[in-house]
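Okay, structure first, notes after.
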Amino acid sequence: MQRWNGWGETKRTFHLPLAARTYLEELLGAGVHIPDGDYQTSLDTVPPSRLPDHPLISTDDETRLLHARGQSLPDWIALRSGKIGIFPDGVATPETGDDVRELLWFAQEIGCALIPYGGGTSVVGHINPLPGDRPSLTVDMRRMNRLLNLDEESRLAIFSAGVTGPEIEAQLKPHGYTLGHFPQSWELSTLGGWIATRSSGQQSYLYGRIEDLFAGGTIETPVGRIQLRSLPASAAGPDLRQFVLGSEGRLGVITQAEVRVSPLPEEEMFFGAFFRDWESGMAATRALAQTSAPISMARLSDPLETETTLALAGRERLITFADYGLRLLGHSVGRTLLIYGITGDHGFVSSARQEVSAILRRFGGLPVGAMIGRQWEKSRFHTPYLRNTLWDLGYALDTLETALPWRGVDAVRAEVIQAIEQSFQSEGSRTLVFSHLSHIYTDGASLYITYIFHIGEDLEQTLHVWRMTKHAASVRIIANGGTISHQHGVGLDHIDYMEEEKGPIGLRLMEGMSKALDPQEILNPGKGWPYS
Ligand SMILES: Cc1cc2nc3c(=O)[nH]c(=O)nc-3n(C[C@H](O)[C@H](O)[C@H](O)COP(=O)(O)OP(=O)(O)OC[C@H]3O[C@@H](n4cnc5c(N)ncnc54)[C@H](O)[C@@H]3O)c2cc1C
């Protein structure tokens, strides 16, 4: 069973060792547990539905509550406090493209908003119904979760778009294939959601981002069906797939997607290397990207993230091991950890490992083998459960992310960290802020910033501090030429920064697409970009 006010399955928890709690208390002060709002009390706040009866739509309170919010910090505050406020008026779970067409027709007929819903893992408010007189209908795609066709000759697979990460891999594996798209939310997020948010998987360096994997598909829109044929390449004008990628449910409902798949690799290995400081680690990581090193992923944690990650996981043995190695190199403080992956057959992994080690050593790196990489691999989809544990102890965790050219990465990192710290200081509280490079390209990288802070007894006040912090950080990102999002998308939380990023003509173009496909503005209104 899925948690109604947190992340993931109720049977899974992230155990935080005592040493890790002490570490947090030393840096932030003791957390104070804030009791959660009660499930039944929250359920009692669901108002009567304003939708007429329809055979495909459920209006029961429980289903509406479970589809009201995603995973952003404002969503957590709403769910944990039990003050959710706005609920969808109904939830449909279509099984076919015809069902989706019927629901679009119904929404137009009665003038309600229609919110496409994948796994509900959005961290920027994508799937939240908005206040107003207009009823809203959430269309949960998760019953559309089948592999429909596998063309092994072309390495193309067609899936219904509500299929989750584990369902994709389970259906491809018997045929010897993988999609290779592994966002940290993989357990719950869906193919349609990935496409609609331009998602990036942890091994996108090897397999590509979702825009590289999405070859074509079917999109039901209020004005009819769009069929995007899969082509290896085309010069027939602008690529319409690019309108669907990042469309955030504003242009139509993706019902089927054809994706590029790869043969399952013989070996998928992850390794660790330590650097004496962030600067040398970053130079080495840039060199990996710019020499097209044979890796599947690279994640470089700054010194504080390195220390915090190891401390929260209680891996004192690894810390001791790393310290020993670094002392041999003459460095013991400010260590920076790089996790990198190598995928291929046994011979390839072994020669690529030597090649990568040689590059890292040129920058003073100390490759420490596969043990730390294995730990990372084991916990890669378990780490989100830490958020539940932290909340129960009185701490909240949130993240920010951007991408920009290499020349700007350090300045933005320093400015955003400072902005977050100042924002909390101005409210008299402390925060722990750390960062990593999460995806690398020849021309730049994506920067991922995590911050942990106290939940106040007054959750409205916590929300106020979060808003101030988010704004201060977003302004710095945009002013320094970064994108407002490398992988999470726009939703509600980033919409105010879109004009700065796309420019007024760019926004008019996006609005024009909405008007062409959705003249009544029924599709996920208020998200992604303005519609006047
Ligand atoms: C713990 C955690 C870790 C995360 N890690 C990553 C990560 O590593 N990489 C990353 O890219 N993101 C990550 N995210 C963000 C989130 O998982 C992604 O944005 C994901 O792509 C959303 O997929 P979903 O199926 O949950 O979509 P939802 O959250 O349900 O919806 C997101 C948007 O897509 C639209 N949508 C969904 N399905 C369809 C459809 N079939 N047709 C049209 N529109 C649709 C919705 O209307 C909405 O606007 C993470 C989130 C969490 C909570």
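Mapping to the numbering used here: the sequence shown position 332 is 333, numbers consecutive.
The beta carbon of each residue, even a glycine, is placed where N, CA and C say it ideally should be.
For clarity, every value in this text was computed on a predicted model and none was experimentally measured.
### Unbroken alpha helix (DSSP H) run spanning Arg363, endpoints
Position 362 of the sequence shown holds residue 363. Residues His347 to Arg363.
### Task
Using only the heavy atoms of ligand 1, determine whether one of them is closer than 7 Å to the beta carbon of Ile159.
Start at 1 with the first residue of the sequence shown, and residue 159 comes out as number 158. No, Cβ of Ile159 sits at least 7 Å from all heavy atoms of ligand 1.
#### Entry: Simplified DSSP assignment, three categories, for Tyr178
Numbered from its first residue, the sequence shown carries residue 178 at position 177. It is a strand residue.
### Query
Between which two residues does the alpha helix (DSSP H) containing Gly71 stretch?
Position 70 of the sequence shown, counted from the first residue, corresponds to residue 71. No alpha helix (DSSP H) contains Gly71, which DSSP labels as neither H nor E.
### Query
Should Gln41 go down as buried or exposed, given a rule of 16 or more other Cβ atoms within 10 Å for buried?
Mapped onto the sequence shown, residue 41 falls at position 40. When all chains shown are included, Gln41 counts as exposed.
### Asn525 versus Glu249 - alpha carbon distance
Taking the sequence shown and counting its residues from 1, the one referred to as residue 525 is at position 524. Taking the sequence shown and counting its residues from 1, the one referred to as residue 249 is at position 248. Their backbone Cα atoms lie some 8 Å apart in a straight line.
### Query
What's the call for Asp399, buried or exposed, on a 16-neighbour Cβ count within 10 Å?
Translated into the one-based positions of the sequence shown, residue 399 becomes position 398. Result: buried.
### Query
Are the beta-carbon atoms of His440 and Ala446 separated by less than 8 Å?
Along the sequence shown, read from residue 1 onward, the residue named residue 440 stands at position 439. Along the sequence shown, read from residue 1 onward, the residue named residue 446 stands at position 445. Cβ distance < 8 Å, so His440 and Ala446 count as in contact.
### Query
Got a sec: does ligand 1 put a non-hydrogen atom nearer than 7 Å to the Cβ of Met298?
Working through the sequence shown from its first residue, we reach residue 298 at position 297. The answer is no for Met298.
### Message
At the level of alpha carbons, what is the spacing between Thr390 and His383?
### Response
The residue labelled residue 390 in the question sits at position 389 within the sequence shown. The residue labelled residue 383 in the question sits at position 382 within the sequence shown. Spanning the two alpha carbons is a distance of roughly 12 Å.
### Query
Could you give the residue range of the beta strand (DSSP E) that holds Pro368?
Counted from its first residue, the sequence shown places residue 368 at position 367. Where Pro368 is concerned, the enclosing beta strand (DSSP E) stretches over Leu367 to Gly370.
### Message
I'd like the list of long-range same chain contacts for Pro266, defined as Cβ closer than 7 Å, with 5 residues on each side in sequence excluded.
### Response
One-based indexing of the sequence shown puts residue 266 at position 265. For Pro266, where only same-chain residues beyond five positions count, the Cβ hits under 7 Å are Thr344 and Gly345.
### Cβ-Cβ distance between Val260 and Ala216 below 8 Å
Here residue 260 corresponds to residue number 259 of the sequence shown, with the count starting at 1. Here residue 216 corresponds to residue number 215 of the sequence shown, with the count starting at 1. Cβ distance < 8 Å, so Val260 and Ala216 count as in contact.
### Query
Which residues in the same chain as Arg4 place their Cβ atom closer than 8 Å to its Cβ, once the five residues preceding and following it in sequence are excluded?
Taking the sequence shown and counting its residues from 1, one reaches residue 4 at position 3. Cβ neighbours of Arg4 beyond the five flanking positions: Glu10, Thr11 and Asn389.
### Task
Report yes or no: do the segment 356–376 and the segment 407–427 share at least 3 C-beta pairs separated by less than 8 Å?
no
### Task
Indicate, with yes or no, if ligand 1 has a heavy atom lying under 7 Å from the CB of Glu10.
Residue 10 sits at position 9 when you count from the first residue of the sequence shown. No; taking the cut-off as 7 Å, the Cβ of Glu10 has no heavy atom of ligand 1 nearer than that.
### Task
Report back the beta-carbon spacing between Ser161 and Asn146 to the nearest angstrom; my notes put them in contact at under 8 Å.
Taking the sequence shown and counting its residues from 1, one reaches residue 161 at position 160. Taking the sequence shown and counting its residues from 1, one reaches residue 146 at position 145. Rounded, the Cβ-Cβ distance is 6 Å, consistent with contact.
### Task
For Ser59, collect the residues of the same chain with a Cβ closer than 7 Å to its Cβ; drop the 5 residues on either side in sequence, then sort them by chain order.
Here residue 59 refers to the residue found at position 58 when the sequence shown is read from its first residue. Around Ser59: Gly91 and Val92.
### Task
Could you tell me if the beta carbon of Tyr341 falls within a distance shorter than 7 Å of some heavy atom in ligand 1?
Stepping through the sequence shown from its first residue, residue 341 is reached at position 340. Checking every heavy atom of ligand 1 against the Cβ of Tyr341, none is found closer than 7 Å.
### Query
Between Ile202 and Ser297, what straight-line distance do the alpha-carbon atoms span, to the nearest angstrom?
Here residue 202 refers to the residue found at position 201 when the sequence shown is read from its first residue. Here residue 297 refers to the residue found at position 296 when the sequence shown is read from its first residue. According to the sequence displayed, residue 202 carries Gly and not Ile. Approximately 11 Å between the Cα atoms of the pair.
### Query
What residues in its chain sit with their C-beta under 8 Å from that of Glu416, if we drop five residues either side in the sequence?
Reading the sequence shown from its first residue, position 415 is the one you call residue 416. Correct list, in chain order: Arg477 and Asn481.
### Message
Less than 7 Å separating the Cβ of Val254 from some heavy atom of ligand 1?
### Response
Counting from 1 along the sequence shown, the entry for residue 254 is found at position 253. Yes, ligand 1 has a heavy atom inside 7 Å of this Cβ.
### Query
Below 8 Å, can you find three or more Cβ-Cβ pairs linking the segment 147–167 to the segment 250–259?
yes
### Message
What would DSSP say about Gly217, mapped onto helix, strand or coil?
### Response
Numbered from 1 along the sequence shown, position 216 holds the residue referred to as residue 217. DSSP places Gly217 in strand when its eight states are reduced to three.
### Task
Write down the C-beta distance between Gly347 and Glu268 rounded to the nearest angstrom, noting that I regard them as a contact closer than 8 Å.
Taking the first residue of the sequence shown as 1, we reach residue 347 at position 346. Taking the first residue of the sequence shown as 1, we reach residue 268 at position 267. At residue 347 the sequence reads His, which differs from the Gly that was named. With a Cβ gap of about 6 Å, His347 and Glu268 count as contacting.
### Query
So, helix, strand or coil for Gly273, using DSSP?
By one-based count along the sequence shown, residue 273 stands at place 272. Shown here, Gly273 sits in a strand according to DSSP, grouped into three states.
### Query
Can you name, in chain order, every residue of its own chain whose Cβ lies under 8 Å from the Cβ of Val466, other than the five neighbours on each side?
One-based indexing of the sequence shown puts residue 466 at position 465. For Val466, where only same-chain residues beyond five positions count, the Cβ hits under 8 Å are Ser424, Phe425, Glu428, Ser430, Phe454 and Gly457.
### Task
With a threshold of 7 Å, establish whether the CB of Tyr532 neighbours any heavy atom of ligand 1.
The residue you call residue 532 lines up with position 531 of the sequence shown. Result no, Cβ not under 7 Å from ligand 1.
### Query
Where does the unbroken alpha helix (DSSP H) through Asn389 begin, and where does it stop?
Against the sequence shown, residue 389 aligns to sequence position 388. Here the alpha helix (DSSP H) through Asn389 covers Leu387 to Leu394.
### Query
Looking at Gly366 and Ala299, is the spacing between their C-beta atoms short of 8 Å?
Position 298 of the sequence shown, counting from 1, holds the residue named residue 299. Position 365 of the sequence shown, counting from 1, holds the residue named residue 366. Their beta carbons are not under 8 Å apart, which means Ala299 does not touch Gly366 by this criterion.
### Message
For a test of the three-state rule: what should DSSP assign to Glu259, helix, strand or coil?
### Response
Indexing the sequence shown from 1 puts residue 259 at position 258. Of the three classes helix, strand and coil, the one that applies to Glu259 here is strand, per DSSP.
### Query
Is Ile450 helix, strand or coil by DSSP?
The count along the sequence shown starts at 1 and reaches residue 450 at position 449. Note: Ile450 maps to strand in three-state DSSP.
### Same chain, Cβ closer than 7 Å to Val47, five either side skipped, listed in chain order
Numbered from its first residue, the sequence shown carries residue 47 at position 46. Here the set comprises Asp62, Arg65, Leu66 and Phe88.
### beta strand (DSSP E) segment containing Ala114, residue limits
As a working mapping, residue 114 is identified with position 113 in the sequence shown. Unbroken beta strand (DSSP E) run through Ala114: Ala114 to Tyr118.
### Message
For Ile523, which residues in the same chain have their Cβ closer than 8 Å to its Cβ, ignoring the five residues on either side in sequence?
### Response
Position 522 of the sequence shown holds residue 523. Excluding positions up to five away in sequence, the list reads Leu105, Ala108, Gln109, Gly112, Cys113, Ala114, Leu115 and Pro223.
### Task
Consult DSSP for Ser200 and reduce its assignment to one of helix, strand or coil.
As a first step, residue 200 must be located in the sequence shown, where it is residue number 199. The answer is coil: DSSP assigns Ser200 none of H, G, I, E or B.
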